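Sequential numbering of the sequence shown, starting at 4, is according to our numbering.
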Amino acid sequence: MLFIFCLTHLTVACSEKQENNEVSKQTTGKYDLSKDSTVSAGEMKRFWLVLLQKGPNRNQDSISAEKIQAAHMANINRLAREGKLIMAGPIGVEDDLRGIFLMNCNDSTEVENFVKTDSAVITGRLIMKYYPWWTMKGKYIFK
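Shown next as structure tokens:
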């Protein structure tokens, strides 16, 4: 329940920002957890929350859209097998926010590189925004 509240808060915060069809550069570069006093470096694990939003290019015919979706799902499954994608799923209401990834990557550059392999992002059907997200080490087991 707490995650849903935080996500709702995050979505509202994102919608207040100016629209940008490019990959977010807010989190570019390595984040130094040891210098952040807002989290406990010894007890937290950083993951990456990726928000997939409607992109500027959504006018494909149904056959092309179906092919993009099939490649999108194949990419999700590949990233999951590689241990980089922990969770993924669509949003259950029609909105600009279309889906969420929770990724296990070393830094924001790695997140960008993996998400840029997604057919829906490549074609502009979706754009991504990503944020570092922490949880207690050992508190949750993602399978």
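All residues carry an ideal CB built from backbone N, CA and C; glycine is no exception.
No experiment lies behind these values; they were computed from the predicted model shown.
### Query
From which residue to which residue does the beta strand (DSSP E) around V96 run?
Neither: V96 is in no beta strand (DSSP E) and is coded neither H nor E.
### Query
Since S122 contacts I79 with CB under 8 Å, what's their CB separation in whole angstroms?
That pair is no contact at about 10 Å.
### Message
I'd like the span of the beta strand (DSSP E) that includes T138, first residue to last.
### Response
L129 to M139
### Query
Taking one C-beta from the segment 47 to 59 and one from the segment 111 to 126 each time, how about it: are there three or more such pairs within less than 8 Å?
yes
### Task
Determine the DSSP secondary structure at K57, reduced to helix, strand or coil.
strand
#### Entry: Rounded straight-line distance, which links the Cα of Y134 to that of C17
Residue confidence is low: C17 scores 36 on pLDDT, short of 50, so the model does not pin down where it sits. No coordinate-derived value is stated.
### Message
Strictly by DSSP, which residues pair up with M106?
### Response
W51 and L88
### Message
Taking 8 Å as the cut-off, does the segment 101 to 117 touch the segment 86 to 93 (at least 3 CB pairs, one atom from each stretch)?
### Response
yes
### Query
Quick one: what does DSSP say Q63 is sitting in, helix, strand or coil?
coil
### Query
Helix, strand or coil for K119 per DSSP?
coil
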